[in-house]
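Chemist:
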Amino acid sequence: MSAQKAGAWPQSQGPHPGGDRVVESDVPSRLDRLPWSTWHTRIIVALGTSWLLDGLEVTLTGSLSGILQSRQGLSLSNQQVTAAASAYLAGAVLGAILFGYLTDRLGRKRLFLVTLATYSIATVATAFSGNFLTFMLFRSLTGLGIGGEYAAINSAVDELIPSKVRGTVDLAVNATFWVGASIGSLATLYLLHGHLFSPERGWRYAFGIGGSLGIAVLALRLFVPESPRWLMLRGREEQAEKIVKDIEDKVSKGAGELPRPEGDKLQLSVRDHTPWKEIFANMLGENRQRSFLGLVLMIGQSFFFNAVFFTYGLVVKKFYNVSDQDLPLHLLPFAIASFFGPILLGRLFDTIGRKPMITATYGISGLLLAASIYPFSHGMIGAKGLGILFAVIFFIASSAASAAYLTVSEIFPLEIRAFAIAIFYAAGTLIGGAGAPVLFGVLIATGSKSRVALGYALGAVLMLLAALCEWTIGVEAANKSLESVSKPLQSRG
Numbered sequence: 000m001s002a003q004k005a006g007a008w009p010q011s012q013g014p015h016p017g018g019d020r021v022v023e024s025d026v027p028s029r030l031d032r033l034p035w036s037t038w039h040t041r042i043i044v045a046l047g048t049s050w051l052l053d054g055l056e057v058t059l060t061g062s063l064s065g066i067l068q069s070r071q072g073l074s075l076s077n078q079q080v081t082a083a084a085s086a087y088l089a090g091a092v093l094g095a096i097l098f099g100y101l102t103d104r105l106g107r108k109r110l111f112l113v114t115l116a117t118y119s120i121a122t123v124a125t126a127f128s129g130n131f132l133t134f135m136l137f138r139s140l141t142g143l144g145i146g147g148e149y150a151a152i153n154s155a156v157d158e159l160i161p162s163k164v165r166g167t168v169d170l171a172v173n174a175t176f177w178v179g180a181s182i183g184s185l186a187t188l189y190l191l192h193g194h195l196f197s198p199e200r201g202w203r204y205a206f207g208i209g210g211s212l213g214i215a216v217l218a219l220r221l222f223v224p225e226s227p228r229w230l231m232l233r234g235r236e237e238q239a240e241k242i243v244k245d246i247e248d249k250v251s252k253g254a255g256e257l258p259r260p261e262g263d264k265l266q267l268s269v270r271d272h273t274p275w276k277e278i279f280a281n282m283l284g285e286n287r288q289r290s291f292l293g294l295v296l297m298i299g300q301s302f303f304f305n306a307v308f309f310t311y312g313l314v315v316k317k318f319y320n321v322s323d324q325d326l327p328l329h330l331l332p333f334a335i336a337s338f339f340g341p342i343l344l345g346r347l348f349d350t351i352g353r354k355p356m357i358t359a360t361y362g363i364s365g366l367l368l369a370a371s372i373y374p375f376s377h378g379m380i381g382a383k384g385l386g387i388l389f390a391v392i393f394f395i396a397s398s399a400a401s402a403a404y405l406t407v408s409e410i411f412p413l414e415i416r417a418f419a420i421a422i423f424y425a426a427g428t429l430i431g432g433a434g435a436p437v438l439f440g441v442l443i444a445t446g447s448k449s450r451v452a453l454g455y456a457l458g459a460v461l462m463l464l465a466a467l468c469e470w471t472i473g474v475e476a477a478n479k480s481l482e483s484v485s486k487p488l489q490s491r492g
């Protein structure tokens, strides 16, 4: 079947023999063939902030762990600080599953507005916490919003950007997590040193930053369109055509005449949702090997980051006597290195390919973490040296973590993309992440570097296993359309 001309809309056909209305669409090829433009940049700025906000939240908890344990904060114990971190992750798990399913059913845009509003309100509420219980409650609600963001945002981003730069853009978007981490570190460093506010009030204003940013970004997202790919599944032809034509007009103003779409049109049956039975039949049946891959990648990176980053402030405070006010300085190098990792390595995921790059980033970061165990446990490295070593590790590992989300978003069908992201994010976080801060809280409380090093050893093993899994069963999706990597469930072609 020949490619349809740019600007022409898929034709709606009569009832299919199976009883469904069928549309013939070249929406995916029209979106994939577009050159990068200022329109794409604006969309990424509006959507990519979900990762920035998560980075801000994680760093605030880590940077403020010392002050939260003092009388100027909430007088929390080590176990309560890590329990609050686990509550945040548990909320993210629930939010991912709930909002992930609704994103596939009700649309990308509706849900990424709801999830951001949930995050913003809960973060502002955290600033008014009066004790451990209210603090933990508000942290869990903040996590609820962030977990939903992952599913709604990653699916929307991948469905709007051209296939030839999908890897580069995804890693760059995910790298904004560390921009948020840097903002969190610098903000808490300034607020906790009492330049404007006393420490009793400074930590509350620090949480207020996150809520304020969320509200500002919410205004930007009002102008982001619904995914035309999702609209074509629901038979909303006129709305999808208007969006695609508007995108093409804006891109062509800067790029000139657009290339013709390549490949055949899709024939899709229209329905209002995907039944649960069909969802799990695909994930546990036809795509069970891909499901195993996604789970292993998510568990490895989740344990690695949640174990190390959430508790690093407690480690340097316990074993290197770093003051509460200086904790942000020890987290800032992590954030900077982790930001530049995906930015500098991201293009290689589109040129060299997904499989070799994911294998390499997981494997190298696992080996480097393993190499840190002996000098740390035997007191052969100081706080600065440990920070430099971990910054190098995070430079590589942050690309691996971003690639896990990219993989899950690419290897499952359009109809269940957001829910697949949610399921594997939730499973990886629950298995590899939610318990990691609690485990490290117990290990740190023993006062033994050797026992903390055992936790690092577990993280290294999980990363190496993920590298092996990617090498053996990984899916090469570089420069391919989403529909060619995973055929839509509603496809009639």
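Residue 440 in numbering that gives the first Met the number 0 is what sits at position 441 of the sequence shown, and the numbering runs on without skipping anything. Glycine is no exception: its CB is placed at the ideal position from the N, C-alpha and C atoms. Please read all numbers here as calculations on a predicted model, not as lab measurements.
Taking 8 Å as the threshold (C-beta atoms), are Ser119 and Gly210 in contact?
Modeler: Yes; because the gap between Cβ atoms is below 8 Å, this pair is in contact.
Chemist: Helix, strand or coil: how does DSSP classify Phe128 here?
Modeler: Before going on, a small fix: residue 128 reads as Ser here, not Phe. Three-state result, Ser128: coil.
Chemist: Taking Cβ to Cβ, would you say Asp31 is nearer than 8 Å to Ser480?
Modeler: Yes, the pair counts as a contact, with Cβ atoms nearer than the cut-off.
Chemist: Check for me: the alpha helix (DSSP H) holding Ser449 runs from which residue to which?
Modeler: Counting along the chain, the alpha helix (DSSP H) containing Ser449 begins and ends at 448-472.
Chemist: Counting pairs of Cβ atoms below 8 Å between the segment 458-478 and the segment 335-345, do you hit three or more?
Modeler: Short answer: they don't touch.
Chemist: Identify which residue in Glu158, Thr58, Leu112 has its Cα closest to the Cα of Glu482.
Modeler: Per the Cα distances, Glu158.
Chemist: In chain order, which continuous runs of the alpha helix (DSSP H) of length 4 or greater are located wholly inside the segment 309-376?
Modeler: Here the runs fully enclosed are 326-344, 347-350, 353-376.
Chemist: How big is the Cα-Cα spacing for Phe134 and Gly90?
Modeler: Spanning the two alpha carbons is a distance of roughly 13 Å.
Chemist: Report yes or no: do three or more beta-carbon pairs, one from the segment 25-40 and one from the segment 137-153, lie closer than 8 Å?
Modeler: At 8 Å Cβ cutoff, the stretches do not touch.
Chemist: Going residue by residue through the segment 231-304, where are the continuous alpha helix (DSSP H) segments of at least 4 residues, counting only ones entirely within it?
Modeler: Those alpha helix (DSSP H) runs which fall completely within the segment 231-304 and span 4+ residues are 236-254, 275-280.
Chemist: Taking C-alpha atoms, which residue in Val113, His377, Ile160, Thr310 lies nearest to Asn478?
Modeler: Per the Cα distances, Ile160.
Chemist: Relative to the alpha-carbon of Ala146, which residue among Val172, Asp248, Leu115, Phe127 has its alpha-carbon at the smallest distance?
Modeler: One point to set straight first is that residue 146 is Gly, not Ala, in the sequence displayed. The shortest C-alpha separation from Gly146 is found at Leu115.
Chemist: Within the continuous alpha helix (DSSP H) that includes Ser401, where are the two ends?
Modeler: Note, Ser401: alpha helix (DSSP H), 382-409.
Chemist: Output yes or no for whether 8 Å exceeds the beta carbon distance between Ile96 and Ile410.
Modeler: It is not a contact, given that the beta carbons lie outside the stated cut-off.
Chemist: I need the straight-line Cα distance from Trp38 to Lys249, nearest angstrom please.
Modeler: Approximately 7 Å between the Cα atoms of the pair.
Chemist: For Val223, name the three-state secondary structure that DSSP assigns.
Modeler: Looking at Val223 - three-state DSSP - the assignment turns out to be coil, as it is neither helix nor strand.
Chemist: On the DSSP letters alone, give me the boundaries of the beta strand (DSSP E) that Ser74 sits inside.
Modeler: Segment: none, Ser74 is in no beta strand (DSSP E) and carries neither H nor E.
Chemist: Identify, in the order they occur along the chain, each residue of the same chain with its Cβ nearer than 8 Å to the Cβ of Pro487, setting aside the five sequence neighbours on each side.
Modeler: Around Pro487: Leu232, Leu265, Leu267, Pro412, Leu413, Glu414.
Chemist: Determine, using beta carbons only, whether Gln78 and Gly440 come nearer to each other than 8 Å.
Modeler: Yes.
Chemist: Identify the continuous alpha helix (DSSP H) that holds Arg29 and give its terminal residues.
Modeler: Segment 26-31, the alpha helix (DSSP H) holding Arg29.
Chemist: Indicate whether Ala459 and Gly340 have their beta-carbon atoms separated by less than 8 Å.
Modeler: Not closer than 8 Å, so no.
Chemist: For Val314, which residues from the same chain have a beta carbon less than 7 Å from its beta carbon, with the 5 sequence-adjacent residues on both sides left out?
Modeler: Counting only Cβ-Cβ distances below 7 Å, and skipping sequence neighbours, we find Ile443, Val451.
Chemist: Hey, Glu469 and Leu344: beta-carbon distance below 8 Å or not?
Modeler: Taking 8 Å as the Cβ cut-off, Glu469 and Leu344 do not qualify as a contacting pair.
Chemist: How would you call Ser128, buried or exposed, if buried means at least 16 neighbouring beta carbons within 10 angstroms?
Modeler: Buried is the call here.
Chemist: Would you identify the three-state DSSP class for Lys486, choosing helix, strand or coil?
Modeler: If DSSP states are grouped into helix, strand and coil, Lys486 belongs with coil.
Chemist: Hey, does Asn320 have any beta-carbon neighbour from chain D nearer than 8 Å?
Modeler: As a matter of chain content, chain D is missing from the structure shown, which is built from one protein chain.
Chemist: Could you say which of Met297, Asp263, Val57, Glu285 lies nearest to Ala402 if we only look at CA atoms?
Modeler: Of the listed residues, the one whose Cα sits closest to Ala402 is Met297.
Chemist: When DSSP labels each residue in this structure, what does Glu23 get in the three-state scheme?
Modeler: Strand.
Chemist: Going by beta carbon distance, what residues of the same chain come within less than 6 Å of Ile472, once the five residues before and after it are set aside?
Modeler: Contacts found: Gln288, Leu292.
Chemist: Quick test of your reading: Asp349 and Thr167, contact by CB under 8 Å. State the CB separation rounded to the nearest angstrom.
Modeler: Going by Cβ atoms, the distance from Asp349 to Thr167 rounds to 5 Å, so yes, they are a contact pair.
Chemist: Using the three-state DSSP reduction, which class does Arg70 fall into: helix, strand or coil?
Modeler: DSSP places Arg70 in coil when its eight states are reduced to three.
Chemist: Can you give me the Cβ contacts of Leu110 inside the same chain, cut-off strictly under 6 Å, excluding the 5 residues immediately before and after it?
Modeler: Correct list, in chain order: Phe98, Leu101, Thr102, Ala151.
Chemist: The alpha helix (DSSP H) that contains Arg491, what's its start and end?
Modeler: Here Arg491 belongs to no alpha helix (DSSP H), and DSSP marks it neither H nor E.
Chemist: With respect to the alpha helix (DSSP H) encompassing Ala425, which residues constitute its N-terminal and C-terminal limits?
Modeler: It spans 416-427 - the alpha helix (DSSP H) in which Ala425 sits, taken as one unbroken run.
Chemist: First and last residue of the alpha helix (DSSP H) that includes Ile443?
Modeler: 434-444 is the span of the alpha helix (DSSP H), which, as asked, contains Ile443.
Chemist: Compare the beta carbon distance of Ser85 and Pro436 with 8 Å and say whether it is the shorter of the two.
Modeler: Their beta carbons are under 8 Å apart, which means Ser85 touches Pro436 by this criterion.
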